[in-house]
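These protein sequence lines are chains A and B, in that order.
According to this note's numbering, the stretch in the first sequence is residues 1 to 288, in order.
According to this note's numbering, the stretch in the second sequence is residues 289 to 549, in order.
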Amino acid sequence: MDGRASAMRPWLLLSPALATVTLLLVVPVMFILVYSFWLRTATGADTSGFHLDNWIEVLTDPFYRDILFKTLRIALVTTLFCIVLGYVPAYFIAMSRTGNKTLLLLLLILPFWISYIIRTMSWINILGASGGLNSLLLTLGIISEPMRLLYNEGSVILGLVHFLLPFMVLNVYVSLEAIDRNLLDAARSLGASDLQAFREVTLPLSMPGLAAGALLCFVLSAGTYITPVVLGGPRDAMFANLVFDAIITQLDWPLGSALSIVLLVVLGSVVLVYNRLVGVGQIAKSFG
Amino acid sequence: MSGWSIIRLFTIVVYGFMFLPVAIVVLLSFNSSQFGSFPMEGVSLRWFGELWNNDAIIRAFRVSFMLGALTAITSTVLGILAALALVRYRFPGKSVISTLMIAPILVPEVVLAVALLLFLRWLDMPKSFPLLLLGHVIFTLPFVLLVVQARLVGIRRDYEEAALSLGANPVQTFFTITLPLLMPAVLAGLLFAFTISFDDITGTMFWKPGGVETVPTQIFAMLRNSISPEINALGTVMIVLTVALPLIGMALARRMAARLR
Numbered sequence: 001m002d003g004r005a006s007a008m009r010p011w012l013l014l015s016p017a018l019a020t021v022t023l024l025l026v027v028p029v030m031f032i033l034v035y036s037f038w039l040r041t042a043t044g045a046d047t048s049g050f051h052l053d054n055w056i057e058v059l060t061d062p063f064y065r066d067i068l069f070k071t072l073r074i075a076l077v078t079t080l081f082c083i084v085l086g087y088v089p090a091y092f093i094a095m096s097r098t099g100n101k102t103l104l105l106l107l108l109i110l111p112f113w114i115s116y117i118i119r120t121m122s123w124i125n126i127l128g129a130s131g132g133l134n135s136l137l138l139t140l141g142i143i144s145e146p147m148r149l150l151y152n153e154g155s156v157i158l159g160l161v162h163f164l165l166p167f168m169v170l171n172v173y174v175s176l177e178a179i180d181r182n183l184l185d186a187a188r189s190l191g192a193s194d195l196q197a198f199r200e201v202t203l204p205l206s207m208p209g210l211a212a213g214a215l216l217c218f219v220l221s222a223g224t225y226i227t228p229v230v231l232g233g234p235r236d237a238m239f240a241n242l243v244f245d246a247i248i249t250q251l252d253w254p255l256g257s258a259l260s261i262v263l264l265v266v267l268g269s270v271v272l273v274y275n276r277l278v279g280v281g282q283i284a285k286s287f288g
Numbered sequence: 289m290s291g292w293s294i295i296r297l298f299t300i301v302v303y304g305f306m307f308l309p310v311a312i313v314v315l316l317s318f319n320s321s322q323f324g325s326f327p328m329e330g331v332s333l334r335w336f337g338e339l340w341n342n343d344a345i346i347r348a349f350r351v352s353f354m355l356g357a358l359t360a361i362t363s364t365v366l367g368i369l370a371a372l373a374l375v376r377y378r379f380p381g382k383s384v385i386s387t388l389m390i391a392p393i394l395v396p397e398v399v400l401a402v403a404l405l406l407f408l409r410w411l412d413m414p415k416s417f418p419l420l421l422l423g424h425v426i427f428t429l430p431f432v433l434l435v436v437q438a439r440l441v442g443i444r445r446d447y448e449e450a451a452l453s454l455g456a457n458p459v460q461t462f463f464t465i466t467l468p469l470l471m472p473a474v475l476a477g478l479l480f481a482f483t484i485s486f487d488d489i490t491g492t493m494f495w496k497p498g499g500v501e502t503v504p505t506q507i508f509a510m511l512r513n514s515i516s517p518e519i520n521a522l523g524t525v526m527i528v529l530t531v532a533l534p535l536i537g538m539a540l541a542r543r544m545a546a547r548l549r
């Protein structure tokens, strides 16, 4: 075999995927960076050039800043809920010695396959004015008027937690499953209580999975616009809703580009910090 | 109560939280009442019949199936080739390229959607089915790549080297040795890409041409009015499809893996 031909082979194999990612992701992202300096004109075609107008608007108008902070706050609260609600079941499945482990695992992966829009709208059946919860409480006579449970920040966070929890459980489970059980036996035989063994051995060793799950929950919730539309009220718009409105509703593509770049930079820096601390390779482990 | 039983109780509660809303969608889809809410007035299949006669929904299913199938095939072919390069060869810049390949997962989908839309519009490509397809390929590719890579690492090189030393060329070796061993991951990748594409709404809302709906965007549009029993019925159909398909796929993959062993 010719040495040069075999050196070419990996590039030949890579080229279709590499071209796809370059032409459909890398170049377009650079393109919207350039586009964000263009100007929208009333006549239709946007004028190219180097104008700071969009950036001055995005960076100085408190409207955008407030929604950005609100988006990050919602993402943070969602992530904290996912950590608390996700760690315990992952721990239960990983440590359980019953034969039902496969079934439990299957149930854990199942929500991944159930449509996001269905899972989001399913909460309307429960929290709506004539939904399950209100009907139940009315029938029992606990309340006399339906409560307004939907279309507020709380219902948005609830929907996001429901959507993202499987990501957390799966990532934590993968790192818990990889822990050498002998370490726990060793800790106990050296006199550690169950709680101490958990705190000193299990918890630190499961940190990479917890961090990977938290990253996914944070980034995915901060980038959503569907959940706030379905479960939120008019005042619950998140940052991605601004992007959608600018691009699709107002057709202000230069402004939409600038807003997209802001979202990319903010969430990208979260990913970079995570990469320094843990490494993005951790996320790939859930696919093994 | 011991610590372990508290953990078990908590786990049961979380599973309830995960599955209760979905169960209620299925339950209400059989409600004979006019309104998509409680109380249940009787059991009927009426809303499934309405679905079947709703042209918009049938059209949306057709678009979604076509899109999902083409996305799955394209992503899986690209993913297998790239996985072979990344697992079987050593070359300069490999770690940078590995990261680049999973970048579509790391970039927020809204940003990816805007970037692709604006770039291709600038190149005068209209909002169209091919644009939807390109978009779906780019964000399913990393998932397929990760699944195939994980399996390929576990396939011993000796088999391939044996074939090569017996005179097979690399292409023959791939089709007679590597691909059959890789089949479970290929099927998993196809299914994974299909389901992600079938379920996508975030990017699709940006890319779809006016008048074309996929099943999720159709549901989204129907939600604008109010929640009708028809949406619950559609939800039930989606749940059955997206849960049954992977389960059948997994069973097939397991059987194939068992036969190869």
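Here a beta-carbon is modelled for each residue, glycine too, at the ideal position from N, C-alpha and C.
Note that the structure is predicted; figures quoted are calculated from it, not measured.
*Sheet register partners of residue 39 of chain A (DSSP bridge)*: Against the first sequence, residue 39 of chain A aligns to sequence position 39. Its beta-bridge partners are A/47.
_Selection of the segment 74-107 of chain A by Cβ proximity to chain B, strictly under 7 Å_ = For the segment 74-107 of chain A, residues whose beta-carbon sits nearer than 7 Å to a beta-carbon of chain B comprise 85, 88, 89, 91, 92 and 107.
*Could you run through the segment 476-487 of chain B and flag, in chain order, every residue whose CB is less than 7 Å away from some CB of chain D?*
This model lacks chain D altogether, as its protein chains are A and B.
*Close Cβ partners of residue 419 of chain B (< 7 Å) along its chain, the five nearest in sequence each way excluded*: Along the second sequence, one-based indexing puts residue 419 of chain B at 131. So the qualifying residues of the chain are 408, 413 and 495.
*Quick one: does residue 58 of chain A have its CB under 7 Å from some CB of chain B?*
As a first step, residue 58 of chain A is located in the first sequence; it is residue number 58 there, counting from the start. Chain B places no beta carbon closer than 7 Å to that of residue 58 of chain A, leaving this residue out of the contacts.
*Output, in chain order, the set of chain B residues within a Cβ distance shorter than 7 Å of residue 253 of chain A.*
Numbered from its first residue, the first sequence carries residue 253 of chain A at position 253. Near residue 253 of chain A (Cβ distances below 7 Å), the residues of chain B are 406.
*asked:* Please give me, in chain order, every unbroken run of the alpha helix (DSSP H) with length at least 4 that falls completely inside the segment 40-109 of chain A.
replied: Segments of the alpha helix (DSSP H) lying fully in the segment 40-109 of chain A: 53-60 and 62-95.
*Do you know how far the Cα of residue 126 of chain A is from the Cα of residue 482 of chain B?*
Here the question's residue 482 of chain B lines up with position 194 in the second sequence. Here the question's residue 126 of chain A lines up with position 126 in the first sequence. Going by the C-alpha atoms only, they are around 30 Å apart.
*Say yes only if the C-beta of residue 152 of chain A is nearer than 6 Å to one or more non-hydrogen atoms of the ligand ZN, and no if none qualify.*
The ligand content of the structure shown is nil, which means the ligand ZN is not present either.
*What does residue 260 of chain A touch in chain B if you count any residue whose Cβ is under 8 Å from its own?*
Along the first sequence, one-based indexing puts residue 260 of chain A at 260. Among the residues of chain B, those whose CB is under 8 Å from the CB of residue 260 of chain A are 398, 399, 402 and 403, following chain order.
*Output, in chain order, the set of chain B residues within a Cβ distance shorter than 8 Å of residue 264 of chain A.*
Position 264 of the first sequence, counted from the start, is the residue given in the question as residue 264 of chain A. Simply 395, 396 and 399.
_Three-way DSSP call (helix, strand, coil) for residue 1 of chain A in this model_ = What you label residue 1 of chain A is simply residue 1 of the first sequence in a count that begins at 1. Because residue 1 of chain A sits at a pLDDT of 47, beneath the cut-off of 50, its placement in the model cannot be relied upon, and the point is left open.
_Proximity of residue 267 of chain A and residue 165 of chain A at Cβ, strictly below 7 Å_ = The residue given as residue 267 of chain A occupies position 267 in the first sequence. The residue given as residue 165 of chain A occupies position 165 in the first sequence. Contact: no.
_By alpha-carbon positions, which one of A/152, A/136 and A/151 ends up nearest to residue 145 of chain A?_
Position 145 of the first sequence, counting from 1, holds the residue named residue 145 of chain A. Comparing alpha carbon positions, the residue from A/152, A/136 and A/151 closest to residue 145 of chain A is A/136.
*Which whole-angstrom value describes the C-beta separation of residue 39 of chain A and residue 46 of chain A, a residue pair presumed to lie in contact below a C-beta threshold of 8 Å?*
Residue mapping note: residue 39 of chain A aligns to position 39 of the first sequence, counting from 1. Residue mapping note: residue 46 of chain A aligns to position 46 of the first sequence, counting from 1. Between the beta-carbon of residue 39 of chain A and that of residue 46 of chain A there is about 6 Å, and that keeps the pair under the 8 Å contact cut.
*Which one of B/368, B/386, B/489 and B/387 has the shortest CA to CA distance from residue 275 of chain B?*
The question about residue 275 of chain B has no answer here: the residues shown for chain B are numbered 289 through 549.
*asked:* Which residues of the segment 489-506 of chain B have a Cβ closer than 9 Å to any Cβ of chain A? Give them in chain order.
replied: Cβ contacts with chain A: 489, 490, 493, 494, 503, 504 and 505.
*Residues in the segment 455-467 of chain B with C-beta within 8 Å of chain A's C-beta atoms, listed in sequence order?*
Along the segment 455-467 of chain B, the positions whose C-beta sits under 8 Å from a C-beta of chain A are 458, read in chain order.
*Grab me the residues of residue 441 of chain B's own chain with a C-beta within less than 8 Å of its C-beta, minus the 5 sequence neighbours each way, in chain order.*
As a working note, residue 441 of chain B is residue 153 in the second sequence. So the qualifying residues of the chain are 375.
*Cα separation between residue 501 of chain B and residue 526 of chain B?*
Taking the first residue of the second sequence as position 1, residue 501 of chain B is located at position 213. Taking the first residue of the second sequence as position 1, residue 526 of chain B is located at position 238. Residue 526 of chain B has its alpha-carbon roughly 15 Å from the corresponding atom of residue 501 of chain B.
*Under 7 Å (Cβ pairs) to chain B, residues found in the segment 116-131 of chain A*: Taking 7 Å as the Cβ-Cβ cut-off against chain B, the residues of the segment 116-131 of chain A that qualify are 116, 117, 118, 119, 121, 122, 123, 124, 125, 126, 128, 130 and 131.
*So, residue 205 of chain A versus residue 167 of chain A, is the Cβ gap smaller than 7 Å?*
Working through the first sequence from its first residue, we reach residue 205 of chain A at position 205. Working through the first sequence from its first residue, we reach residue 167 of chain A at position 167. Taking 7 Å as the cut-off, the Cβ atoms of residue 205 of chain A and residue 167 of chain A do not count as close.
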